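Colleague: Okay, handing you the structure first.
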Amino acid sequence: MYMFKYILKRLGLMLMTFCIIMLICFVLIKLLPIPINAGLGVDRELIEANLRARGYYDPIMVQLWNYVKRIVTEGDFGIGVNMPGYINQPVWDAFVTRLPPTVLINVYSTLIGVPIGLGLGIFAALKKNKWQDHVISTGVMILIAVPSIVYAFLIQYIFCFKLQWFPLMMATGTDYFTGEMFLSMLPAVLSMCLGSIAGYARYTRAELTEVLTSEFMLLARTKGLTRGQATLRHALRNAMVPIFPMILSEFVAVLSGSMIIENIFAIPGVGMMYLTSIQVLDYDFFLLLSGFYTLVGLLAGIVVDISYGFIDPRIRMGAR
Amino acid sequence: MAKQWQKVAAIATSAVLACGLVVGMTACKKEEQPYDIEKRASTGWEDEREYTYNTYTAQLPAVWTDVNTSDAADMEIIGYINSSFYEYDYQYDANGEIVPGGFEVEYSAATKLEDVTTRYAGQYGIPADATEGLAFAITLRDDLRWDDGTPIHAEDFVYTMSQQLSPNYLFQQASNYYSGNYIIHNAQNYVYQGQSSYFDARSIIGTYTSDVDSEIIFTLASASENEEELDGGTCYIRAKLGAGTMSLEQLVAALQETYDFPSTLDEVKMLEGKTLAEIKADATLNALWETMLGWWQTEPNEELDFFVTYYTYPEMDFSEVGYFVGENENELVIALDGPLYPLDENGDLAYGAAYYFQSFPLVKRDLWEKLEDRSATPWTNAYGTAKVGNIASWGPYKLTEYQSGVTYTLERNEEWYGYGLEQYALQYQTDRIVTRYIPEWNTAWQSFQLGQVDGISLDTTIISDYRNSQRAYFTPSTATACLYLNSIEETYEKGKNIMLKYDAFREALSLSLDREDFCAQCSPSSMASLGYLNDMYYYDVENGGVYRDTEQAKTAILKAYGAVENEDGSWTVGSVTYDDIDEAEAAITGYNVTLAREKMTEAYEAAKAAGDYTDGDSIVLTYGITEQSASVERQRTFYQNAFNAATEGTPLEGKITIEYFMMSSADWDEQFLRGEYDIASAGWQNAPFDPFYLLGSSQIWEENRFQQGWDPDSVTLTLDVKGGEGQESYEDLTMTLTEWDACLQGLSDGRYNFKNYPIETKLEILAAEETAILQTYWGIPIRSVYEGSLMGYKVDYITYEYNTFMGYGGVRYMSYNFDDTEWKAFVEEKGGTLNYTF
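Here it is, written out as structure tokens:
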């Protein structure tokens, strides 16, 4: 019951925070001058008339009301005005078309990165200060020090161009669950998860090393558990309390940080779209994508908090 | 101790392995010999083997109908799925060789072009006594069909134009038909119908009578200041004075300073928003108004210059527009408000036929109506967007695959009338065009080397390695990149950019730039440029007359950059005298550090005397960029070094610093016009057959010029104007730049109309204008833009000599050295990666 109330409260707060953030985004972007791209021989007044008909020159609060009303009553998030490739097109359609690759790349990145990262971390902790630990730690250090864009270029150059193990770019088509499609996504997935792997490994090693030296581990061993059993049942579970939220937050971070990777591997995702919408001041695209990333971030925060309770039953959210 | 060594050894081993892997993969480079590839001639569309042209784009076309877009990327698809009424073709000599620079105009989707002015005289705004140039009948082929076999007639074009100009859609492209190269009668009135807004009273009312006193509202405020009360309407005087985005306060201050404006800001504010009737009814206001009018008025109707008026465009039926079906179902008639001459004296097609009437928009009516969404304001239409089923083709190719943000494929449209025509024999060998979206150039470059795409633009990072490749070619464009300097005086600050207001300072900046060196360092595929119009501008298309090759244009450059014309006609450039104007022009570089330093000192002394510069002050100039990159940094460093050299040994030595200003890619021009940064690298292009229009519209017209704070009316030119037969000549005619431009282009507000004067006279005026603008140093030409590219081994253009009208012949004339199967085998044979260095 405590948890239920807590979740409701957090959801309510999340909704309020979301609305405030979106309100700020809406007002700030509408305060910027309206960009009009009128070249030689183009009637500027006609462009203005078009924008006026769309309500661009209405007072901001009127625009806000119309914007919310359109979304609620018609599911209409607006039409692209300056977005290259999407001018005069519904922004929602464009968003929905381009969301799956972004989500898939990030899911694959997490699915591959988490087990490898945790595995390496556990292994390094168990082999603390041995050569295996040093090799892993050095690798982790290198991976953390180098930004993912560098891996992306290296992976593309070495594995896609020189060795030709993978295609240079994501395969065409919308059938996202074929072997060919998965293979074509792998370079991008690897580029994105290498940093995460290093992060997971380093964190897991640090947490597990500390837990392994705890007195309760000694107790577990003395009551007859093997080292593996004690590590798996007691040490790992305790170590996961701070690690699991990190996985979720890493997922969110990766989701919002894949713009450049999408560009390099020609992935038709929403990452670049967000960046472009800011550059070209396409209000409707900007607001939809801002809403998406804000919502993902806020939801992840809630999930992280709630996850504590599931991982460690001693933690009771909302309990007095 | 052993553990420490173990740790060090492990780290070292890991690092060595990682480095070894990277170095190993990047260092190995196989020595190769040039490939032995024979260039094959095109076998045309009848060849049954498979030929796929693989290409890439950094921006995928999204709208594939010219009703709704004029975006260059969108035109990639539109160009293939539409046909031309009249089109350019290569000119061949007696041996069947292409004549360099030559062209012919041929019929394609149309079979006839007829001047029918007399047939429609007295209708559609055509004067009853007009005889030519105002109405044209285009006879369409009778076998035009959509890709599903549906026939196309003139009525389809008329329907499309009714949608193009529909006030329900308000398509931006509608203005192509009333503010572009020609004006279709009533096109603007049709699209504006029902719209009400505040417009400048001068353009709406034209002739002043006291009857309109209650209808006209006084305002000197800017569009943004009038946004709420007057829908952003501004008075004519603003445009006339080039006041642009100046606020009311700035405008009044500028008028007081420059034009002895008799009123104060408070007095102007008293009149703001009042009708002339209200002003006249109040003795105080009327006195203010009379004073203001007395200051301004020299001709009748200039009362209107201070006012805006509310106007509603009347409802109109499309039948009143000068675009209709003629005497039979395949005859399309266009009635114009100004004359065009697309036919020569023999009635044959002239270059203007393919230039003005290449094509008109066309949509498939049933599909258009099906996709129309009337619930939105303005209406929207998904025609030509999102999916293959939303478009129809009447060109040589049809869209068969489209994935947003990924790829599109065009395949041969078997219904196209051209397949089977003699004039297209041995052309259109390409069966399929597959375009992949690749936003990152480096990815495209690797894809090109793997044989996956058949051509690529050369990036500055590799151009030095590939510029001599046999597969490299360089395409000129009409663009001249200039450095524009902030001219908005209100944004000047002491210790920052105030030195820009001094002519000598700007001249010194210009003189400090070695343009050849800039191209070598920062833009290897470009060529140094000293004028606003480059070699791509023709003043006489029919006879291949290039403006830059004329004596007038050469004189313009010589005068602008300080050469002295001697009495015997020779020219002195620096200390050398040249008898030949070509040699003199070749000696001009625009680069003179010694003179730059003198000018710097001159500017310093003037600024110090005026209190704008104090010894020790910094000069900080902001350079607008959208993203920081190695290429941008190279340019900034070049300019910084050049400016440092120009100040060496002067009191301004080491004082100039160029800082980055992160501008918005969407709003960069407006930001510059507002004076938010000091240096913009920009340029205008297009209109290659009308240098008169481009120079005036880009450098003089207030709505376009980057030198927003500079007033072209502050520059006067005195020239002799020689008229042709039946035309008046003038001696020592003095006018402002704005007036000269209006006269040269034959604009309605010009004092004279020189549009149809002898070409020599027009060139004299154009050259004088160019010199005068160059000598303001607000816009400093730097380079003529060329784009370097590599063509893959698989395909070849018919020629690599660029032709203004035909480019390189495009897909139409493209030939294949390998069919698809052969190409795959060739790439495999070469180890999967192709070498383009030789």
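Protein chains in written order, with my numbering: chain F, 2 to 321; chain D, 1470 to 2307. C-beta atoms are modelled at their ideal positions from N, C-alpha and C, and glycine is treated no differently. Keep in mind it's a predicted model, so treat the numbers as computed, not measured.
Which residue wins for smallest C-alpha separation from residue 2086 of chain D, given the options D/2126, D/2101 and D/2098?
Modeller: Per the Cα distances, D/2126.
Colleague: Could you give the first and the last residue of the continuous alpha helix (DSSP H) run that contains residue 2044 of chain D?
Modeller: Residue 2044 of chain D -> no alpha helix (DSSP H), and no H or E assigned at all.
Colleague: Between residue 2252 of chain D and residue 1997 of chain D, how many whole angstroms is the CB-CB distance? I'm expecting something under 8 Å.
Modeller: Indeed they touch by this definition, with Cβ atoms about 6 Å apart.
Colleague: Which runs of the alpha helix (DSSP H), 4 residues or longer, sit entirely within the stretch 2010 to 2063 of chain D?
Modeller: 2020 to 2029 and 2050 to 2056, all fully within the stretch 2010 to 2063 of chain D.
Colleague: What residues from chain F crowd round residue 1682 of chain D, counting only those whose CB sits closer than 9 Å?
Modeller: The premise fails here: residue 1682 of chain D is roughly 26 Å from chain F at the closest Cβ pair, so nothing lies under 9 Å.
Colleague: Are residue 1615 of chain D and residue 1884 of chain D closer than 8 Å when you measure CB to CB?
Modeller: Against a cut-off of 8 Å, the Cβ pair of residue 1884 of chain D and residue 1615 of chain D comes out as a contact.
Colleague: Could you give the residue range of the beta strand (DSSP E) that holds residue 2089 of chain D?
Modeller: Residues 2088 to 2094.
Colleague: Would DSSP call residue 123 of chain F helix, strand or coil?
Modeller: Helix at residue 123 of chain F.
Colleague: Ignore the nearest five residues each way along the sequence and tell me which others in residue 2381 of chain D's own chain have a CB closer than 6 Å to its CB.
Modeller: Because chain D in this structure spans residues 1470 to 2307, residue 2381 of chain D falls outside the shown range and cannot be described.
Colleague: Is the separation between the beta-carbon of residue 1623 of chain D and that of residue 1682 of chain D shorter than 8 Å?
Modeller: In this structure, residue 1682 of chain D does not lie closer than 8 Å to residue 1623 of chain D by Cβ.
Colleague: If you draw a straight line from the C-alpha of residue 2154 of chain D to the C-alpha of residue 144 of chain F, how long is it?
Modeller: Rounded to the nearest angstrom, the two C-alpha atoms are 47 Å apart.
Colleague: Per DSSP, residue 1904 of chain D is paired with what?
Modeller: D/1524 and D/1877.
Colleague: Within this structure, are the beta carbons of residue 277 of chain F and residue 1873 of chain D separated by less than 8 Å?
Modeller: No. Outside cutoff.
Colleague: Can you list the residues of chain D that residue 59 of chain F reaches, using a CB-CB cut of under 7 Å?
Modeller: In chain order: nothing, as chain D lies at least about 11 Å away.
Colleague: So, using beta-carbon positions, are residue 1668 of chain D and residue 1702 of chain D closer together than 8 Å?
Modeller: Their beta carbons are under 8 Å apart, which means residue 1668 of chain D touches residue 1702 of chain D by this criterion.
Colleague: How many Å lie between residue 1719 of chain D and residue 1733 of chain D at the Cα?
Modeller: If I take the Cα positions, the gap works out to 12 Å.
Colleague: In the DSSP assignment, find the alpha helix (DSSP H) that holds residue 2194 of chain D and state where it starts and stops.
Modeller: Where residue 2194 of chain D is concerned, there is no enclosing alpha helix (DSSP H), given that its DSSP letter is neither H nor E.
Colleague: Counting C-beta neighbours from all protein chains within 10 Å, is the total for residue 1842 of chain D 16 or more, i.e. buried, or is it exposed?
Modeller: Exposed, because fewer than 16 other Cβ atoms sit within 10 Å of the Cβ of residue 1842 of chain D.
Colleague: Quick one, which of D/1628, D/2279, D/1845 and D/1603 has its alpha-carbon nearest residue 1653 of chain D's?
Modeller: With distances taken between Cα atoms, residue 1653 of chain D lies closest to D/1603.
Colleague: Within 10 angstroms of the Cβ of residue 2261 of chain D, are there 16 or more other Cβ atoms? Answer buried if so, exposed if not.
Modeller: When all chains shown are included, residue 2261 of chain D counts as buried.
Colleague: Where in the stretch 1955 to 1981 of chain D do unbroken runs of the alpha helix (DSSP H), each at least 4 residues long, occur, reported from the N-terminal end onward?
Modeller: Qualifying alpha helix (DSSP H) stretches, in chain order: 1972 to 1980.
Colleague: Using a cut-off of 9 Å between C-beta atoms, extract the partners of residue 1601 of chain D located in chain F.
Modeller: Neighbours of residue 1601 of chain D on chain F: none; closest Cβ ~24 Å, over 9 Å.
Colleague: Between residue 61 of chain F and the rest of its own chain, which residues show a CB-CB distance below 7 Å, the 5 nearest in sequence each way excluded?
Modeller: Counting only Cβ-Cβ distances below 7 Å, and skipping sequence neighbours, we find 28 and 31.
Colleague: Specify, as a first and last residue, the run of the alpha helix (DSSP H) that residue 84 of chain F falls within.
Modeller: Element bounds for residue 84 of chain F: n/a, residue is neither H nor E.
Colleague: Taking only three categories from DSSP, how would you classify residue 1867 of chain D?
Modeller: Strand, per DSSP.
Colleague: Give every residue of the same chain whose Cβ lies closer than 6 Å to the Cβ of residue 1959 of chain D, excluding the five residues on either side of it in the sequence, and list them in chain order.
Modeller: Only 1719 meet the Cβ criterion.
Colleague: Report buried or exposed for residue 73 of chain F, applying the criterion of at least 16 other Cβ atoms within 10 angstroms of its Cβ.
Modeller: The residue in question, residue 73 of chain F, is exposed, as its Cβ has fewer than 16 Cβ neighbours within 10 Å.
Colleague: Can you tell which of D/2172, D/2084, D/1990 and D/2158 has its C-alpha closest to the C-alpha of residue 2143 of chain D?
Modeller: Cα-wise, what sits closest to residue 2143 of chain D is D/2172.
Colleague: Would you say residue 76 of chain F faces chain D, with C-beta separation under 8 Å as the test?
Modeller: Not one chain D Cβ lies under 8 Å of residue 76 of chain F.
Colleague: Could you tell me which of D/1798, D/1737, D/1707 and D/2059 sits nearest to residue 1759 of chain D, measuring between CA atoms?
Modeller: Answer by Cα proximity: D/1737.
Colleague: Express the C-alpha separation of residue 1993 of chain D and residue 1932 of chain D in angstroms, rounding to a whole number.
Modeller: Going from the Cα of residue 1932 of chain D to the Cα of residue 1993 of chain D covers about 7 Å.
Colleague: Check for me: the alpha helix (DSSP H) holding residue 2114 of chain D runs from which residue to which?
Modeller: From DSSP, the alpha helix (DSSP H) with residue 2114 of chain D extends over 2099 to 2116.
Colleague: Quick one: measure Cβ to Cβ for residue 76 of chain F and residue 93 of chain F, integer angstroms, because I've assumed they're closer than 8 Å.
Modeller: Confirmed, Cβ separation roughly 7 Å.
Colleague: Going by C-alpha distance, which of D/1974, D/1798 and D/1934 is nearest residue 2249 of chain D?
Modeller: Closest by alpha carbon: D/1974.
Colleague: Please identify the residue among D/1888, D/2158, D/2242 and D/1856 whose C-alpha is closest to the C-alpha of residue 1951 of chain D.
Modeller: It is D/2242.
Colleague: What is the residue span of the alpha helix (DSSP H) that residue 308 of chain F lies within?
Modeller: Start and end: 284 to 312.
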